[in-house]
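Reminder that position 99 of the sequence shown reads as 86 in this note's numbering, one-by-one numbering, no gaps.
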Amino acid sequence: MRLIITGTPGTGKTTLAKKLGEALGFKAVNEREFALAEGIGEFDPENNELVVPLEKLGTRLNKFLARNDNVIIEGHMLCEIRAKADSVVLLRVEPERLAARLELRGYSDEKVQDNVFCEGIDYCRKHCLRNYPKAKIIEIANNKSIKETLCETIVELRSKMKLKIKSGAGKKNAKRGLRRKMQKKAGKSKK
């Protein structure tokens, strides 16, 4: 299985990819590290970031995905390309919480505002819907602990993709998360 995790910077993509990779026994790959390893892009010292041509990234990424299985690729640019993935996890965060996270990272006020604006106008969501079939997209609100987000993601992947969980810890957490989700649904239907 080939998974994409995308969303605005600060939504928790890297953390979720690492934890999900551990739980599933998948390799987690960061888009920036991938681009650097592939020699794609140039560093922009003015904005202190790597500028990556999306077309080149998409081409190289799809070649990588064709050769590799059980991999998670994460990054904010992945909503803008058509990667050959089995599923796309779109992480969302409330704009106020996102601003606080980005400020803790030391982002400039302008960069915080730009990213909060993107989250507020559903930039990544709109691009995901343009580039991936809706049936492949799993939208997760990451306003909780990483354990809860991980469990919710695994439950959704199992439901949508018939995902088999290899890791004992991931399986245990996913079952616990699924049980809670079913209990919540049962509680709502009684009301």
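Ideal Cβ placement from N, Cα and C applies to all residues, glycine included.
Do you know offhand how far residue i's Cα is from residue j's?
i      : j    : result
L(-10) : R112 : 16 Å
E61    : L116 : 17 Å
G155   : A10  : Residue confidence is low: G155 scores 46 on pLDDT, short of 50, so the model does not pin down where it sits. Its coordinate-derived value is still stated next. Each residue's alpha carbon lies about 8 Å from the other.
R19    : G26  : 10 Å
G(-6)  : E81  : 12 Å
K98    : F51  : 31 Å
H63    : V142 : 23 Å
D109   : K134 : 25 Å
F104   : A128 : 17 Å
L7     : E36  : 26 Å
V76    : C138 : 13 Å
A72    : L144 : 13 Å
L23    : E33  : 18 Å
A122   : D56  : 20 Å
R92    : G28  : 23 Å
Relative to the alpha-carbon of residue i, which residue among the options has its alpha-carbon at the smallest distance?
i     : options                  : result
E106  : A72, S74 and R79         : R79
G(-1) : P40, G12 and N17         : N17
I124  : A15, N130, T140 and S132 : T140
A4    : V58, Q100 and R88        : V58
G12   : Y94, P(-4) and M(-12)    : M(-12)
Taking only three categories from DSSP, how would you classify residue i?
i     : result
T2    : helix
V39   : coil
E9    : helix
T(-5) : coil
E33   : coil
I27   : coil
K121  : helix
N49   : helix
K131  : coil
So is residue i buried or exposed if we call it buried at 16+ other beta carbons inside 10 Å?
i   : result
S74 : buried
V39 : buried
> What runs of the beta strand (DSSP E), each 3 residues or longer, lie entirely inside the region 54 to 113?
Replying inline: Every unbroken stretch of the beta strand (DSSP E) spanning 3 or more residues and falling wholly within the region 54 to 113 is given here in chain order: 58 to 61 and 74 to 79.
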